[in-house]
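Residue numbers (the working numbering): 4 to 73. So the structure is just underneath, and the comments pick up after that.
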C-alpha cells in the first residue's frame, strides 16, 4: 500500500512538473514575441538578431524532463 502511494505520488509529481515546465516555456515564447512586437513593431526582428535564443524554451523542457528521470 505504501509503495502504491509513492508510485501514484511520483506520477502526479511528474505530471505536475511537466505541466509547469510547458506553461513556463509557452510564457517565454509568447513573451519573447510580444517583446519583439513592442520594441520593433515586427514579429521577426529579434529572430535575425538573436537566432540562438529561439531554441531556449525547448531546451528548458528537455532539461527538466531529463532531470526528473535522474
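Note that beta-carbon positions come from the ideal geometry of N, C-alpha and C, so glycine has one too. All figures in this text were calculated on a predicted structure; none of them were measured in a lab.
If we count the other Cβ atoms within 10 Å of its Cβ and call it buried at 16 or more, is residue i buried or exposed?
{"i": "residue 23", "result": "exposed"}
Between residue i and residue j, which are expected to be in contact by the criterion C-beta below 8 Å, what is the C-beta distance as a whole number of angstroms?
{"i": "residue 63", "j": "residue 28", "result": "6 Å"}
{"i": "residue 65", "j": "residue 20", "result": "Not confirmed; about 13 Å, so no contact."}
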